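Have a look at the structure below, then the notes.
Residue numbers (the working numbering): 17 to 503.
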């Protein structure tokens, strides 16, 4: 899945761009392949680099770019094969071992990924980064076993072999974006790049709750270029749409041949969407995307790579005050990291879901949530398996007042690039284990929960003594906690 946020993603997503300048900008011996690679046409780059390397096996930069091209096109096994050669070549850098470890983690090979993160930690100038990612491999193996808060629902009538992303509730169903539309006009505009522009579609719900086949929205809400992640206000007459930049804000094409993207506000009058206007802080120098609104419509959250962030892309917020949107504020270093955060969604004004490729995930993008207390966002947690997998999982959205919702994933078993899935959320039973004498929380305690069928579920409390178990509303359970030298 390629986000609409920055037109072409930065090659590395972990705040270590400075360490990779040599690898990113150095040219291989094949200028045609390099040109395709720098334009983001990775399929053609793979073809040319593969042919070139049969005769020039010791070209490190060509081999590295071939590995990265495989990674960018989600051909992870091929990427591992090429990275395995790269890390043993003369002139290789520790950062390439980090990249190999990241791909292994994205494949779900956590033990091998941990080994390579530890190698990177031993050889690099930033050992803390390697240790952090190595520890994350241990964490997600435990998290996969202990987090079953969702039942996943598939929509075979909705999804196609193309990409479907960013579902939001709209009318009697959902609106979403897809690049499924094809034709000469769209192929022409895309030039050498694979895939058409994203447009907005609408899928109605059937009587049994299933989503029907999506239909193109025939209105001015769709433009000539990208129309991506969208959010509607409570009246559904105002839309915030992620679009390719236009001349109104000095849109310029980047090296990949696309403009950056911004959020445009449109108003529906007499069933026609009119007067698209970019938000006042839009710019041709950075992208803003993935809008979501607070319940009162006065706080707009979005993701951006604008200056002042902590990593590749961060989550920001702007307030509608005195009839205009204020200068955006960064949500801070608890929510934002050196990685990429995006696709925010407010379940309530104090509960924010978002996606990130930070260390504390299964691999690729994962869905996380954070809570706001006294003006500060805290308690960022991974939403858990099976909502998250080693694939890209993002675009979380719930129906108001309902345990049902939607998200996007390119996990195995889908119909195409990115698919829309539904879910039913179970109730979270959250507890804390404390010492009865001192009242202090106890980490590392084994908690056993027996359900009504006498099936045991085991958890280990975190560093604050907390644990979480998911169950259907109305279920009965029995809890027991054990720890050395305690009764």
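By construction, the Cβ of each residue, glycine as well, lies at the ideal position given by its N, Cα and C atoms.
All figures in this text were calculated on a predicted structure; none of them were measured in a lab.
query: Around the Cβ of residue 62, are there at least 16 other Cβ atoms within 10 angstroms (buried) or fewer (exposed)?
result: On the chain shown, position 46 is the one that residue 62 refers to. Residue environment: residue 62 is assigned as buried (16 or more neighbouring CB atoms within 10 Å of its CB, all protein chains considered).
query: For residue 116, does the three-state DSSP call read helix, strand or coil?
result: Residue numbering aside, residue 116 sits at position 100 when the chain shown is read from its first letter. Residue 116: helix per DSSP, three-state reduction.
- request: May I ask which residues mark the beginning and end of the beta strand (DSSP E) holding residue 191?
  value: For the purposes of this step, residue 191 is taken as the residue at position 175 of the chain shown. Residues 189-194.
- prompt: Would you report the Cα separation of residue 324 and residue 89, rounded to the nearest angstrom?
  reply: By one-based count along the chain shown, residue 324 stands at place 308. By one-based count along the chain shown, residue 89 stands at place 73. Rounded to the nearest whole angstrom, the CA to CA distance from residue 324 to residue 89 is 30 angstroms.
query: By Cβ distance, which residues of its chain are closer than 7 angstroms to residue 119, with the 5 residues on each side in sequence left out?
result: Residue numbering aside, residue 119 sits at position 103 when the chain shown is read from its first letter. Excluding sequence positions up to five before and after residue 119, its CB lies within less than 7 angstroms of the CB of 87, 92, 95, 96, 99, all in the same chain and listed in chain order.
query: At a cut-off of 8 angstroms, is residue 76 close to the ligand SAM when judged by its beta-carbon and the heavy atoms of the ligand?
result: Looking for the ligand SAM in the displayed structure turns up nothing, as the structure carries no ligands at all.
query: Counting pairs of beta carbons, one from the region 291-301 and one from the region 393-411, are three or more of them closer than 8 angstroms?
result: Fewer than three pairs of CB atoms, one per stretch, sit closer than 8 angstroms, so the region 291-301 makes no contact with the region 393-411.
query: Apart from the five residues just before and just after residue 202, which ones in its own chain have a Cβ nearer than 7 angstroms to its Cβ?
result: Indexing the chain shown from 1 puts residue 202 at position 186. Reliability fails at residue 202, whose pLDDT of 48 lies under 50, so the model's placement of it is uncertain and the value that follows must be treated cautiously. Only 212, 213 meet the Cβ criterion.
Limits of the beta strand (DSSP E) - the one that residue 305 falls within: Along the chain shown, read from residue 1 onward, the residue named residue 305 stands at position 289. Counting along the chain, residue 305 sits inside the beta strand (DSSP E) bounded by residues 304-309.
message: Just to confirm the assignment, what range does the beta strand (DSSP E) spanning residue 386 have?
response: As a position in the chain shown, residue 386 is number 370, starting the count at 1. Unbroken beta strand (DSSP E) run through residue 386: 382-389.
field: Through-space distance from residue 330 to residue 413, alpha-carbon basis
entry: Taking the first residue of the chain shown as 1, we reach residue 413 at position 397. Taking the first residue of the chain shown as 1, we reach residue 330 at position 314. Pairing residue 413 with residue 330, the inter-Cα distance amounts to about 19 angstroms.
- prompt: Hey, how far is the Cα of residue 470 from the Cα of residue 153?
  reply: Taking the first residue of the chain shown as 1, we reach residue 470 at position 454. Taking the first residue of the chain shown as 1, we reach residue 153 at position 137. Looking at the two C-alpha atoms, the distance is approximately 31 angstroms.
Separation of residue 181 from residue 443, as counted between CA atoms: To locate residue 443, count along the chain shown from 1; it is residue 427. To locate residue 181, count along the chain shown from 1; it is residue 165. For residue 443 and residue 181, the gap between their C-alpha atoms comes out near 26 angstroms.
contact_flag[the region 386-400, the region 368-377] where n(CB pairs < 8 angstroms) is 3 or more: Short answer: they touch.
message: Check this for me: beta carbons of residue 350 and residue 392, under 9 angstroms apart or not?
response: Here residue 350 is taken as the residue at index 334 of the chain shown, counted from 1. Here residue 392 is taken as the residue at index 376 of the chain shown, counted from 1. The answer is yes: Cβ separation under 9 angstroms.
- prompt: If you run the structure through DSSP and keep just helix, strand and coil, what is residue 121?
  reply: Translated into positions along the chain shown, residue 121 becomes position 105. Taken through DSSP and simplified to helix, strand or coil, residue 121 comes out as helix.
message: Please report the distance separating the alpha-carbon of residue 69 from that of residue 133.
response: Stepping through the chain shown from its first residue, residue 69 is reached at position 53. Stepping through the chain shown from its first residue, residue 133 is reached at position 117. Each residue's CA atom was taken as its position, placing residue 69 and residue 133 some 27 angstroms apart.
- prompt: Taking the C-alpha atoms as reference points, what is the distance between residue 400 and residue 474?
  reply: For the purposes of this step, residue 400 is taken as the residue at position 384 of the chain shown. For the purposes of this step, residue 474 is taken as the residue at position 458 of the chain shown. One C-alpha to the other measures close to 15 angstroms.
message: Here's the rule: buried if 16 or more other CB atoms are within 10 angstroms of the residue's CB, otherwise exposed. What is residue 259?
response: Position 243 of the chain shown, counted from the start, is the residue given in the question as residue 259. Classification of residue 259: buried, given that the 10 Å Cβ count is 16 or more.
message: How far does the alpha helix (DSSP H) with residue 130 in it extend, from its first residue to its last?
response: For the purposes of this step, residue 130 is taken as the residue at position 114 of the chain shown. Element bounds for residue 130: 126-139.
field: Minimum length 3: unbroken beta strand (DSSP E) runs contained in the region 464-499
entry: Counting whole runs of 3 or more residues, the region 464-499 contains the beta strand (DSSP E) stretches 472-476, 482-487, 494-498.
field: Neighbour flag for residue 175 against chain C, beta carbons, 9 angstroms
entry: Of the chains in the structure shown, none is chain C; there is only one protein chain.
field: DSSP bridge partner residues for residue 225 (one or two, in chain order)
entry: What you label residue 225 is simply residue 209 of the chain shown in a count that begins at 1. Bridge partners of residue 225 according to DSSP: none are assigned.
query: To which residues of the same chain is residue 493 closer than 8 angstroms at the C-beta, ignoring the five residues directly before and after it?
result: To locate residue 493, count along the chain shown from 1; it is residue 477. Annotation for residue 493: 445, 465, 466, 467, 468, 485, 487 place their beta carbon closer than 8 angstroms to its own, counting only its chain and skipping 5 residues before and after.
query: In chain order, what residues of the same chain lie with their CB nearer than 6 angstroms to the CB of residue 482, ignoring the 5 residues before and after it?
result: Here residue 482 refers to the residue found at position 466 of the chain shown. Within the same chain, and ignoring the five residues on either side of residue 482 in sequence, the residues whose Cβ sits closer than 6 angstroms to its Cβ are 448.
query: Nearest-angstrom Cα distance between residue 357 and residue 451?
result: By one-based count along the chain shown, residue 357 stands at place 341. By one-based count along the chain shown, residue 451 stands at place 435. Distance between the alpha carbons of residue 357 and residue 451 is about 37 angstroms.
field: Own chain partners of residue 219 with C-beta closer than 6 angstroms, once the 5 adjacent residues on each side are dropped
entry: Position 203 of the chain shown, counted from the start, is the residue given in the question as residue 219. Counting only Cβ-Cβ distances below 6 angstroms, and skipping sequence neighbours, we find 174, 189, 190, 227, 228, 230.
field: Distance between beta carbons of residue 46 and residue 58, contact taken as under 8 angstroms
entry: As a first step, residue 58 must be located in the chain shown, where it is residue number 42. As a first step, residue 46 must be located in the chain shown, where it is residue number 30. With 8 angstroms as the limit, residue 58 and residue 46 do not qualify as a contact, their Cβ atoms being about 14 angstroms apart.
- request: Check each candidate in 288, 107, 352 and name the one with the smallest Cα separation from residue 75.
  value: Taking the chain shown and counting its residues from 1, one reaches residue 75 at position 59. With distances taken between Cα atoms, residue 75 lies closest to 107.
query: Using a Cβ-Cβ cut-off of 6 angstroms (strictly less than) and excluding sequence neighbours within five positions of residue 499, which residues of its own chain qualify?
result: On the chain shown, position 483 is the one that residue 499 refers to. Non-local C-beta neighbours of residue 499 in its own chain, meaning closer than 6 angstroms and more than five positions away in sequence, comprise 461, ordered along the chain.
field: Under the three-state DSSP convention, the category residue 240 falls into
entry: Along the chain shown, read from residue 1 onward, the residue named residue 240 stands at position 224. The answer is coil: DSSP assigns residue 240 none of H, G, I, E or B.
message: For residue 496 and residue 472, what's the separation of their Cα atoms in angstroms?
response: Counting from one through the chain shown, the residue named residue 496 turns up at place 480. Counting from one through the chain shown, the residue named residue 472 turns up at place 456. Rounded to whole angstroms, the gap between the alpha carbons of residue 496 and residue 472 is 10 angstroms.
query: Are there 16 or more other CB atoms within 10 angstroms of the CB of residue 420, so buried, or fewer, so exposed?
result: The count along the chain shown starts at 1 and reaches residue 420 at position 404. Burial call: exposed.
query: For residue 215, which residues does DSSP report across the bridge?
result: As a first step, residue 215 must be located in the chain shown, where it is residue number 199. BP columns for residue 215 point to 194.
Residue 362 to residue 310 span [Cα, whole Å]: As a first step, residue 362 is located in the chain shown; it is residue number 346 there, counting from the start. As a first step, residue 310 is located in the chain shown; it is residue number 294 there, counting from the start. Inter-residue distance for residue 362 and residue 310 is about 6 angstroms (C-alpha atoms, whole angstroms).
task: Would you give the residue range spanned by the alpha helix (DSSP H) that residue 66 belongs to?
output: Your numbering for residue 66 matches position 50 in the chain shown. Residue 66 -> alpha helix (DSSP H) spans 58-69.
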